[in-house]
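Residue numbers (the numbering used here): 1171 to 1902.
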């Protein structure tokens, strides 16, 4: 039985003088000798590790126990054989029968060293010495399961091999039976079970560590032996918080089986309101429709949050939706995924006149395939919604959101199933008008346009979304070409207010960045394609901006009006930019003054206006500075020094996103230098993938205290997880 490799998980003391590091080196050497079957060298090495403990064990000026350990074997086995589990604990705390006072220590590394010695002795077929050493582990710390594990597994091994003609086993059994005053091997088999029972009791009753990894091994041994102590009802001492976390992850079928474990467990679960507040039905099996009405009725006053992750098997019908919307009066959060195609006709009669639906504040619809489903649901709950998440949508979004007011909606995410080339147009004007209190907005997978009221000439967008503070525009979002006249009467979104905290433009389409960040709201008629005259430019005032991420290359002279003020004031915390355009073709000539060149020189110079002592996350995409032929470089053909020099300007930096255009193996030197940077602790990249051995580079980074992530394209925007993942009100 191998003990846990990292003793730090078991708690205990840690010596600031470096004792941990010293003994770990000796332990690693001893374990390596044991693995190589060099037991004669491994045993004294383990003894060195044992004697290194600061508790002043034997051989550090204190007497050692005599070589004959029959006294301690008899004393401990007699205590184990008794029906009182506390007796062995008291014996372990008391002097030996011969009068020797055994050392006592709770340091996990001391325990690991002594347990490793017992293991090495067992491998060397010195079974009696190994057993007495296991007993000394129990005496060292009787509240730990380590000694009980070692003693039980050793005795079990000897009992199993007692019928084989093995001289070492037979002679050891004879000695142990004599020392333990036992008449037969059968009694020794009973002693194995009692060691496990004593260990389970003492490690639970007297534990002084938050987590004892050896106890998990002891529980596994008890399960294999079918011991009642190891098969007890887990809810008897299970913390309420842990039970809530486990229970909230169960599916419908698992939930049904869970209630059948025991009558006591059934009563505890049904009577615990906290367990039902956040309920997730992950993948309902069979046909739970017959049980669902009774299920809802029984728990109607408990369930606050309900998520059905796979409604294709659940087969959501109007009847079940009625039970959810009208049968759960305290429901505030609802998440449905994969709503059936054939529900649209049933939804025409959805709703119960005279009855009040649940006051939902959070609604998540994933892959709803018919606009009528969302339309009827949203019509019932729109007045109280605070968070709305429409993922993988198809169809006419404006027919649902643009036609209904959402007076209290603060967070909205809309993503489409369309990838690469979006075809569905979403008109922003009705959506903006319907959500006056919106604070956070996420849009992806659509062709976005502003369709003004034809009855109002040059209608201004000022005053819309005054509370908006965060916007995320996904990588698959596009705009109509500039030659299309009707949607291009200015910006595609309302002008940003000074309240903006976060702007994240994750796509590379220049039109999106241009029309969101720079396009003026003044009247503008698009010139002919052959001309170079661009539209009027208007820079938003963003003094409170904390996060700015843009995957579109923008010239520094046009970034300066956006970023200089928040950088100087210290509000800017996250900055991620793109040096060169990733598009094969150049952007429209009318956009080149803004988006044509990007960041060509050293970022420390060109982006000096964005330097701030408060920035902790920094990123740059599509950068490549050719290495001068005569100058020393990090990698031949690629010079990463400008990027590293840029990092030196940020004293609080800890996270870096580095996406160079150079994908050859010579970029490995750049990432090695990046790992060695004194401030960098987290790296996001996708260059170390094929050309470079990612596991080797990741291990190298870990040895330097740096976490190296393989993050494709860009980091996903934070704060937009599915709200069923952790139940946070802030998640969408």
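Using N, Cα and C, we set each Cβ at its ideal position, and we do this for glycine too.
Asked, Found
"Endpoints, the alpha helix (DSSP H) within which residue 1874 is located", "Premise fails: residue 1874 is in no alpha helix (DSSP H) and is neither H nor E."
"Close beta carbons around residue 1201, own chain, < 7 Å, minus the five adjacent residues each side", "1286"
"Residue 1745 to residue 1788 span [Cα, whole Å]", "5 Å"
"Beta-ladder partner(s) of residue 1720, from DSSP", "1675"
"Inter-stretch contact at 8 Å, needing at least 3 Cβ pairs: the region 1356-1366 / the region 1314-1334", "yes"
"Cutoff 6 Å; reference residue 1239; Cβ partners in own chain excluding five residues on either side", "1302"
"Three-pair Cβ contact test at 8 Å for the region 1723-1730 versus the region 1775-1783", "yes"
"Nearest-angstrom beta carbon gap, residue 1288 and residue 1382 [assumed within contact, 8 Å]", "The pair is not a contact, with the Cβ atoms about 17 Å apart (cut-off 8 Å)."
"Any 3 or more C-beta pairs closer than 8 Å across the region 1332-1341 and the region 1386-1401", "no"
"Cβ-based burial, residue 1337 [other Cβ within 10 Å; buried from 16]", "exposed"
"N- and C-terminal bounds of the alpha helix (DSSP H) containing residue 1599", "1598-1604"
"CA nearest to the CA of residue 1468, picked from 1497, 1487, 1475, 1451", "1497"
"Residue 1903 classed as buried or exposed, judged by whether at least 16 other C-beta atoms fall within 10 angstroms", "Since the displayed the chain opens at 1171 and closes at 1902, residue 1903 lies outside it and no answer follows."
"Beta-bridge partners of residue 1682, as assigned by DSSP", "DSSP, once it has assigned bridges, lists no residue as partnering residue 1682."
"At least three beta-carbon pairs within less than 8 Å, the region 1603-1615 to the region 1678-1691", "no"
"Residue 1849 (DSSP reduced to helix, strand or coil)", "coil"
"Cβ-Cβ distance between residue 1463 and residue 1493 below 8 Å", "yes"
"For residue 1646, the residue or residues it bridges with in DSSP", "Beta-bridge pairing links residue 1646 to no other residue."
"Environment of residue 1454 [buried if 16+ CB atoms lie within 10 Å]", "Confidence in residue 1454 is poor, its pLDDT being 49 and thus under 50, which makes the residue's placement unreliable; the coordinate value appears in the next sentence. The residue in question, residue 1454, is buried, as its Cβ has 16 or more Cβ neighbours within 10 Å."
"Own chain residues within Cβ distance below 6 Å of residue 1855, not counting five before or after", "1828"
"Burial state of residue 1225 (16 or more Cβ within 10 Å)", "exposed"
"Where the beta strand (DSSP E) through residue 1617 begins and ends", "1617-1619"
"Per DSSP, the bridge partner or partners of residue 1448", "1475"
"As assigned by DSSP and simplified to three states, the class of residue 1247", "helix"
"Sequence-distant residues of the same chain with beta carbon closer than 6 Å to residue 1883, five excluded per side", "none"
"Candidates 1772, 1820, 1817, 1781, of which the one nearest residue 1797 by Cα", "1772"
"Own chain, CB closer than 7 Å to residue 1219, minus 5 neighbours either side, in chain order", "1193, 1196, 1197, 1200, 1283"
"Limits of the alpha helix (DSSP H) - the one that residue 1372 falls within", "1355-1375"
"Through-space distance from residue 1821 to residue 1784, alpha-carbon basis", "8 Å"
"Other residues of its chain near residue 1319: CB distance less than 6 Å, five sequence neighbours each side excluded", "1171, 1384, 1387, 1388"
"Residue range of the unbroken alpha helix (DSSP H) whose run includes residue 1257", "1255-1263"
"Closest residue to residue 1352 among 1246, 1618, 1393 (Cα-Cα distance)", "1246"
"Assigned secondary structure, residue 1383 (DSSP; H/G/I helix, E/B strand, else coil)", "helix"
"Which listed residue (1297, 1348, 1584) has its alpha carbon closest to that of residue 1572", "1584"
"Residue 1505 - DSSP class collapsed to helix/strand/coil", "strand"
"Distance CB(residue 1914)-CB(residue 1525) smaller than 8 Å", "As shown, the chain starts at 1171 and ends at 1902. That puts residue 1914 outside it, with no answer to give."
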